[in-house]
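Written below as structure tokens is the structure these notes are about.
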Amino acid sequence: MTDLTKKPHIQDVPNPSMVTKEKKRSRVQLSCTACRSRKLKCCRTYPCTNCKKRGEAASCTFVGRGPRGRSSQGRTSPTLVQDRLQHLENLILSFTQKKSCEQSQAPSASKQQNTPSTTAGSVVPAVLENPSSSMEPEPRGSAPESTGRLLENEAGSSYFDDAHWRAILEEVNDVKGYLQQETDEESEEDFMDEDFFDSSSPALLLGLNKPASKEELLADIPPRPVADRLVSQFLHCKEPLLVVLHFPTFQKEYNQFWLDPQGVSLQWLGLLYAIFALAISVLNTIEEPVPQSLGDHQVATTRFRKRTVQCLVQANYITPGRYKVEALFLYTMGEFLTSCDAQAGVSFMLGLTIRLAMRMGYHRDPRNFPKMSALEGEMRRRLWAVVSQLDTLISFQVGLPRTIQAWQHDVELPRNLFDEDYDENTKELPHSRPETELTPLCYTIAKGRIMSIFGRISDLAYSREPVTYEQTLEIDRQLEEAHDQIPLILQIRPMEQSITDPSDLILKRVTLEILYQKCRCVLHRRYLAEFHDDMRYTYSRWVCMTAAKQILRHQAVLHHETQPGGQLYREKRFPNSIQNTDYLLAAMIICLGLSPGHPREPGTNSQCNDVTVIIKGREDLLSTLETTHQVFKDMRRRSADAQKAYAAMSIMLRFSPPPYDAWQNQQGPSSVLAHDQLNAMQSPFTSLDVIEEMLDAPTNLDWCLWDQQIRGFEDENARTLWYPGLES
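UniProt numbering puts the sequence shown at residues 1 to 728.
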């Protein structure tokens, strides 16, 4: 006889998958609590008929979860989904009514409600006991901070603010789970046969083309040796945007891809194609050939960009999901780096990337979500830092306010760490390395401090509110503090002191310095011509002119060093469209200082306060302008923006008077361009008329008009103006 009291051996325990466990069936409570206690049939609507008849509509309360389970055919019954939605509606209405009653009661009554109660009027809906609430951080201080909710699943994470109903209602996720399960059960063939035009997402964002199969998307993956070369080329290009990738993690994912290409998600495949496209852009920039099997640069870039788009669209990139933000960002950067000219589409694509990132909670610091891994949290900080910096720069470039405002996020700057300092198994992030130790993040951190100030400066530039001079001086002080925090290894130094430094380090130094001087120009430019005789603004005029002169000097150095034989000859990605607009701004500021309404003859006491004399005289400034004009002339074959800048510089020099001694003593060929020649030049860019208007009336400047016209995008013919009739 078998001893039933004997504890079974572990091998004797049946497999749970083979035997159905016995458990007590828990009935789903769909009736309100009042009808349930009175054993009445409830109509299951809020408020129910019975409670209304008794005059107790306010006490009609629904609790618990909605119906669970599947129909016998394995598919969700429409009635079941309808019941769940009805129950969800009852929960929301009941909870809203309860909160209204609580807020109207006295504080003493509120304290009593904090104790557990089983009465019908004070039952707390079970939906509030959300298991995912553990994702919320512990309060820091006496007043709890609103952190929102980060809901995670296998596809990725979604962020909901505390004010949003979906942040507190798990029931919605359950309904979505049922519907999603139905979608997942459909075969890929069924999905391919569906009309893609019936998508609930906007057709303008996802396109109208029929999606490609995964086999078709994988067809353009080059052989492993070619793919390895492209990936290696991109990962070693020293672009600052590389920090959005954790190299060891990507290496593991890349190796896994080659073991099981069909097993990767569409968004990861889009990420890989975006990397291929960026690698081709890098090869094109440094004038190196692409692998022969890929064709030429243009063909390869077009193919990889197309596949990136197809992967993102088919993955529905406007919904949260893992790798989607990174893939969309790298695709946007591919568009940015493809051309030396400003592209309006890049700012729109970056805006989409930002919206998706915020939808996934990237704008909240990972410390708000303790269950998030150290690796994921730090990579989120990295990507947010790069995206927010580019948002400010590109928005200012195209003459628009930035998308990300300071009050919208609380993300800290990433730590100064190497990728090898942490991985997916790291529980707690290591302390930041000292900034004297150069890591790939040093530049991002230093730039982030200055960019936070430039963001405020650009906000003031586009603000309709008046700006006080005290505000300007306070921001100027903060800018100087941020500049002083640049690590010594990233501080600007002469080229002759940089002969042992790698070219990417030199470019990072120059970029940070130009950004700093640009901040000074934009901050103080409003005082350059206005109130010219007011001694109060002498400091701002001096800062503005000095900064503009430094920007153009850096431009001349970069142009010289990127010529054959120069230290930066291989770094031909400089300048880009952002730098070109910065050079134009600096040139315009100097032209305003040289305009006929401003200068005074040398030797007169009345000019002692004139800013052009304080910074070494008019001849030096005019020589700087001529050098810039020549630089743009040399560049105009490569860039339509450079051609536009060249035309703008021609107008500026036409309005700038020659040196004082040029009228009295002509000794050989003058370095100054002949004014007759400049007057004969006609600019095809109608937007450049703003330059003549500003120089004609330098005491009545409209810098907003300058930003809109100079950084604006005019007719498409302007893009081809630099092809015909160029001088050799």
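The beta carbon of each residue, even a glycine, is placed where N, CA and C say it ideally should be. Bear in mind that the values here come from a model prediction, so they are computed numbers and not experimental data.
Proximity winner among the options, relative to residue i (alpha-carbon distances)
| i | options | result |
| --- | --- | --- |
| Q310 | D296, Q267, L552, F336 | Q267 |
| C237 | L505, R618, E481, I221 | L505 |
| V386 | D421, P466, M333 | M333 |
| residue 740 | R54, E56, R38, T61 | This structure cannot speak to residue 740, because the chain is shown only from 1 to 728. |
| S463 | Y516, P401, H560 | P401 |
| I578 | A645, Q550, Q567, H629 | A645 |
| E571 | C35, L30, E287 | E287 |
| L592 | P564, M545, I551 | M545 |
| V243 | G377, S213, T444 | T444 |
| Q497 | C442, Q567, A640, V543 | Q567 |
| N416 | Q405, L429, N425, A277 | L429 |
| M588 | H409, A647, D341, L352 | A647 |
| L350 | R636, F329, A277, N576 | F329 |
| W542 | R553, H524, S265 | H524 |
| E619 | L653, L512, C35 | L653 |
| Y273 | F247, F304, T285, Q343 | F304 |
| W384 | Q643, Q397, A279, P366 | P366 |
| T249 | D423, V264, Q292, D410 | D423 |
Exposed unless 16 or more other CB atoms sit within 10 angstroms - verdict on residue i
| i | result |
| --- | --- |
| residue 730 | Coverage of the chain is limited to positions 1 through 728, which leaves residue 730 absent and any answer about it impossible. |
| T301 | buried |
| A315 | buried |
| W407 | exposed |
| L294 | buried |
| Y583 | buried |
| I275 | buried |
| H431 | exposed |
| L204 | exposed |
| A57 | exposed |
| W258 | exposed |
| M379 | buried |
| V299 | exposed |
| F336 | buried |
| R638 | exposed |
| R355 | exposed |
| A219 | exposed |
| T439 | buried |
| residue 730 | Within the shown structure, residues of the chain are numbered from 1 to 728, placing residue 730 beyond reach of any answer. |
| N255 | exposed |
| V467 | exposed |
| I457 | buried |
DSSP three-state assignment for residue i, whether helix, strand or coil
| i | result |
| --- | --- |
| Q485 | coil |
| A586 | helix |
| S606 | For S606, the predicted structure reports a pLDDT of 42, less than 50, and the residue's modelled location is therefore unreliable. A value from the coordinates is still provided. The answer is helix: DSSP assigns S606 an H, G or I state. |
| D341 | coil |
| N580 | helix |
| A446 | helix |
| N316 | coil |
| T45 | coil |
| S232 | helix |
| K427 | coil |
| F288 | Residue identity check: residue 288 is Glu in the sequence provided, not Phe. In the structure shown, E288 sits in coil (DSSP, three-state: anything other than H, G, I, E or B). |
| A58 | helix |
| K324 | helix |
| V63 | coil |
| D410 | coil |
| Y254 | helix |
| S213 | coil |
| K644 | helix |
| T436 | coil |
| M192 | Because M192 sits at a pLDDT of 39, beneath the cut-off of 50, its placement in the model cannot be relied upon, and the point is left open. |
| S293 | helix |
| I404 | coil |
| I92 | helix |
| F418 | coil |
CB contact check: residue i to chain D, cutoff 7 Å
| i | result |
| --- | --- |
| E326 | In the displayed structure, chain D is absent; only one protein chain is listed. |
Stretch pair the stretch 345-360 + the stretch 316-324: three plus CB contacts closer than 8 Å: Output reads yes: the stretch 316-324 touches the stretch 345-360.
Counting Cβ pairs, one atom from each stretch, are 3 or more of them under 8 Å apart for the stretch 440-456 and the stretch 465-484? Yes: the two stretches touch, three or more of their Cβ pairs being nearer than 8 Å.
For the structure I just gave you, are there three or more beta carbon pairs, one from the stretch 462-476 and one from the stretch 425-441, closer than 8 Å? Output reads no: the stretch 425-441 does not touch the stretch 462-476.
Counting Cβ pairs closer than 8 Å, one from the stretch 453-462 and one from the stretch 391-401, do we hit at least three? Contact between the stretch 453-462 and the stretch 391-401 is established, with three or more Cβ pairs separated by less than 8 Å.
Would the stretch 210-230 and the stretch 363-376 be scored as touching if the rule is three or more Cβ pairs under 8 Å? These segments do not touch.
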